[in-house]
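Residue numbering for the sequence shown follows numbering that gives the first Met the number 0, starting at 0 and increasing by one per position.
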Amino acid sequence: MRHSIHCRAARFGAASTFKKTLLGGCALSMMAFSPAAIAQDQPADQPQAAEEASKGLGVGEIIVTAQRKSQSLSRVPASIVAKGQEELDVQGVRSVGDIAQITPGISFGQSATLYGTGQTTIAIRGVDSSSGIPTTGIYIDDTPVQTRVGVSPSLSNPYPQVFDLDRIEVLRGPQGTLFGSGSVGGALRFIMPKPSYDSLSLYGRTELATTRHGAESYEAGLAIGAPIVTDKVGVRASAWYRRDGGYIDRLDRVTKKVTQKDINSSDSFTGRIAVGLKPSETLTLTPSFYYQHQTIRDGSRFEVDETNLDTGDQRLSLNVLPENHRDDFYLPALKMELELGGATLVSDTSYFYRTTDTASDDTTLSLALSGLTSGAFPPGFVDYTPGTNSRTKQTAFTQELRLQNDNSNEPFNWIVGAFYQKSYVRDQYAGTDRRLLDVVNLGQETLGEPPFDSLTDVFGVELYQGQFSLFQRNIHRDEQIAAYAQADYEIVPRLKVTLGGRYTIAKYRYENFTAGPFYTTDGQTENLRVTSRNFTPRLGLSFQADRNNLFYASAAKGVRGPGVSPPVGSTCADDAAAIGIDPLTSNNVKPDSIWSYEIGSKNRLFDGKLAIDASAFHIDWKNVQTLFALPVCTLYTTLNLGDAKIDGFDLAVAVRPIEQLQLGASVAHTDARYTTAVPGPNNTVVRRSGEPLPTAPWAVQLNAQWTQPVGEGELYGRADFSYTSKNNTPLDLNSPLVDPDLPRAPATSQLDLRFGGRFTKVGSSNLDLSVFINNVTNEQPLLALYHDTPGASWFRGGSFRPRTIGVTLSLRD
0 MRHSIHCRAA RFGAASTFKK TLLGGCALSM MAFSPAAIAQ DQPADQPQAA
50 EEASKGLGVG EIIVTAQRKS QSLSRVPASI VAKGQEELDV QGVRSVGDIA
100 QITPGISFGQ SATLYGTGQT TIAIRGVDSS SGIPTTGIYI DDTPVQTRVG
150 VSPSLSNPYP QVFDLDRIEV LRGPQGTLFG SGSVGGALRF IMPKPSYDSL
200 SLYGRTELAT TRHGAESYEA GLAIGAPIVT DKVGVRASAW YRRDGGYIDR
250 LDRVTKKVTQ KDINSSDSFT GRIAVGLKPS ETLTLTPSFY YQHQTIRDGS
300 RFEVDETNLD TGDQRLSLNV LPENHRDDFY LPALKMELEL GGATLVSDTS
350 YFYRTTDTAS DDTTLSLALS GLTSGAFPPG FVDYTPGTNS RTKQTAFTQE
400 LRLQNDNSNE PFNWIVGAFY QKSYVRDQYA GTDRRLLDVV NLGQETLGEP
450 PFDSLTDVFG VELYQGQFSL FQRNIHRDEQ IAAYAQADYE IVPRLKVTLG
500 GRYTIAKYRY ENFTAGPFYT TDGQTENLRV TSRNFTPRLG LSFQADRNNL
550 FYASAAKGVR GPGVSPPVGS TCADDAAAIG IDPLTSNNVK PDSIWSYEIG
600 SKNRLFDGKL AIDASAFHID WKNVQTLFAL PVCTLYTTLN LGDAKIDGFD
650 LAVAVRPIEQ LQLGASVAHT DARYTTAVPG PNNTVVRRSG EPLPTAPWAV
700 QLNAQWTQPV GEGELYGRAD FSYTSKNNTP LDLNSPLVDP DLPRAPATSQ
750 LDLRFGGRFT KVGSSNLDLS VFINNVTNEQ PLLALYHDTP GASWFRGGSF
800 RPRTIGVTLS LRD
């Protein structure tokens, strides 16, 4: 749970009353809420920001709290994308993947080997290494929920589903000063609605859709805000369920006939309640509880040879076991705000609890790796079904205190704070393969060699506990203490300088247990403790030329803490030798750091009818922590792979040439590449200088919306088009990390259309009924292409959901 103390006294004169209020509020928070349950939220709205919002500053404007205070987007000297609930609805946003699609500069996807079965990657401006502490912070309000990521498909960031949101904010660039070490590339914030103190508010949404060659999708959700005691006690509660129908069919391994249709369906449920309490004019308490469940019934990988991408008919015969994934998390929360008269004290406390469970079918991997067989199932192995089960548990207790001034019109604005977090991650995965000896002897037969009598003859040990070919359990314990401060000072009229910094002490403890033939041990334990101390400064200069034009420059540093890469086992001996590591011991991963330099402008022209947000950046990334698949054995490991540089720009233009028409265009260019070569053994080069990072050089999003008033309502039509380019840098075929059969990701594009009407019903209730077509042209790019080992002929891949047509009905009051 999380406390938020936020207080503003109208006058300092009532010292006795103020003291009693402060002490009583603090005592109430400590007595009523234990450290097992509480969460953050944004500070109180600044008067100026609220006034500007009420006036409506034109196209593209929205109130954000990216600097821990409420500001109009056009007044924040940083590159930010923010979208409110109505805009998210009209663009059909339901998940973090949809957010990335409509936001150039964000890349979101799933690893090739685990496509659709749990582990995901997210990056802002190309800062993505998919290992250890994430490079992108994920926040529910102000509560960080990201987790260490690594080799297990279950160990990945949690992402709230998109239903009852006030807005989402995408913060580009390092956010280390105000948001900590998990945000070296940027942050993605999901801001929840506040309780209603003075009026009833309703939001409901239901949807029904059908996908080409797939099953139906549907959802229903309702949110309500209401005062319980006017101006004293309010509530906001919501519940939402969604089924995404599958569209991949399972085939019989031999006959190739369909045995199960639409296997990759998923179910999501979210529930939230927040209660607002105002025991005095200066104290506000907001306890809340958020719960989310997601079940993916099977992965989204299809078999390339059995799939027709021209029509979007995706099929799979290689897997018999469902590659399902379950993810549950709870976030109880309390926010407390105390108004001190000119300043606000905020305390945020949270307790995050999450469990995940993921299964995979390892048949073709085992046959290719140990049986040296690919292309057809050998006799006696048609019903062979080895598999891996991965389970994780994640907990995090977080406490933050911050004090900030209230009046943003003052020439000097400031915020100081302290942060504490203690987190625990247990990651366990176990591969079951009772026929491993048969498969190894299949490989011996392929080589023309005699069979082995036992696994001990091959690996020195038998199956762990009689069933596991590999078993690994990793425990990560992190403890972080930090203090931070940031101040803006208007040195001359309209010209502000920003100085900020965060000092962090991070303690990390790692425990590892490995066992099984692939690790050549009946059981091996390793322990490691590391402490790091880092200072992350931020400097900025901004010039508010007039009400409508802001220009800025900034420099910021971000640092990630250290980590450990578990052993990869004896089957990866050749890979390990090629890159110079020991396959049977853990490898220390050192901290990496980023310096980001940015210039930008925000311009509102022609009475707010034209909005232009532009920024250019340069990033120096030192000692990059990188997660990658070893090409022969296909297991993942993490190393510090030298340095990198990233150059690019972001440009967003929104224009309303006439009242009925709004046009938008966003472009992001990212040139991300390694700048140092990584030497290997025997004068080899593991990775060359100039090798690009896995991000698209260009990303474009175009949109247009026409609105036509009709009576007391309006009709509208909207089109959204997204595009990402291919990186055409040739593969480095001399690198041991490169599989020549796996090209770089292709260019992609998608067009979505929506047509509907908004009508006023009883009182202020507004109904929105619309018809949509997603992926109008049924684009099916071959994404995340994968095969089990170099030279193996069983290829899998992923793609977009085929063309989907549906109807959405929403209600707002």
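Glycine included, every Cβ here is placed at the ideal spot set by N, Cα and C.
Which same chain residues end up closer than 6 Å to residue i when comparing Cβ atoms and leaving out the 5 residues on each side of it in sequence?
i	result
D649	S78, G104, S614 and A667
F550	F542 and S600
W620	I593 and A643
R802	R211, N774 and N777
Q84	L164
A35	The predicted model places A35 with a pLDDT of 33, which falls under 50 and marks its position as unreliable; any figure quoted below should be read in that light. Here the set comprises Y350.
N702	G663 and D719
S792	S373 and G374
D487	N412, K495 and T497
Y423	T394 and R476
Name the one or two DSSP bridge partners that residue i has.
i	result
F411	Y488
I618	S595 and I645
Y329	Y290 and Y352
M191	Paired residue(s): none; M191 is not in a bridge.
I253	Looking at the sequence shown, residue 253 is not Ile but Val. According to DSSP, which records beta bridges pairwise, V253 is partnered with nothing at all.
G275	G233
T712	This sequence places Gly at residue 712; Thr is not what is there. Answer is V709.
F794	H786
R672	K644 and P691
R425	K392 and I474
H324	I295 and T357
Y246	The partner list for Y246 (beta bridge, DSSP) is empty, contrary to what the question assumes.
S600	F550 and A613
Among the options, which residue has its Cα nearest to the Cα of residue i?
i	options	result
L315	F467, Q259, L276 and V563	Q259
S195	G203, A238 and K231	K231
A698	S764, N682, P691 and S665	S665
M823	K601, Q479, S798 and T283	In the structure displayed, the chain extends from 0 to 812; residue 823 sits before or after that span and is not available.
Q160	A238, G796 and V89	A238
E305	S267, L808 and D248	D248
N602	N547, T570 and R300	N547
G416	P410, S792, N404 and Q427	N404
L752	I121, L741, F771 and A429	F771
K760	G710, Y785 and P680	G710
R672	A651, T625 and E86	T625
A429	S422, S389 and G447	S389
I98	N473, A65, D612 and A186	A186
I694	V92, V126 and S73	Ile is not the amino acid found at residue 694; the sequence shown has Thr there. Residue V126 is the option with its Cα nearest to T694.
Who are the Cβ neighbours of residue i in its own chain at under 7 Å, not counting the five residues just before and after it?
i	result
H617	Y596 and D646
D437	none
G55	Low confidence applies to G55: its pLDDT is 43, below 50, so where it sits in the model is not reliable enough to give any reading.
P589	With the sequence shown as reference, residue 589 is identified as Lys, and Pro is not the correct amino acid for it. Same-chain partners within the cutoff: P561, N622 and N639.
Short check: CB of residue i to CB of residue j, under 7 Å?
i	j	result
D361	P385	yes
Y715	G663	no
G203	L810	yes
Y270	Y240	It is worth fixing the name first, because residue 270 is Gly in this sequence and not Tyr. Cβ distance not < 7 Å, so G270 and Y240 don't count as in contact.
D145	D719	In the sequence under discussion, the amino acid at residue 145 is Gln, which differs from the Asp named in the question. No, the pair does not count as a contact, with Cβ atoms beyond the cut-off.
F376	R252	yes
T669	R188	no
V345	R401	yes
A555	R537	yes
L199	A225	yes
V558	T535	yes
T229	G184	no
D574	V631	yes
S585	E489	no
Y138	V95	no
N323	R296	yes
A481	R501	yes
A236	I272	yes
Using C-beta distances below 8 Å, list every residue in its chain close to residue i, excluding the 5 sequence neighbours before and after it, in chain order.
i	result
D606	G57
Y246	T210, R211, H212, G213, A214, D261, N263, G311, Q313, R800 and P801
L446	L371
Length-filtered (4 minimum) alpha helix (DSSP H) runs lying within the stretch 464-536: Segments of the alpha helix (DSSP H) lying fully in the stretch 464-536: there are none.
Sequence ranges, beta strand (DSSP E) only - wholly within the stretch 78-113, length at least 3: 79-83 and 105-109
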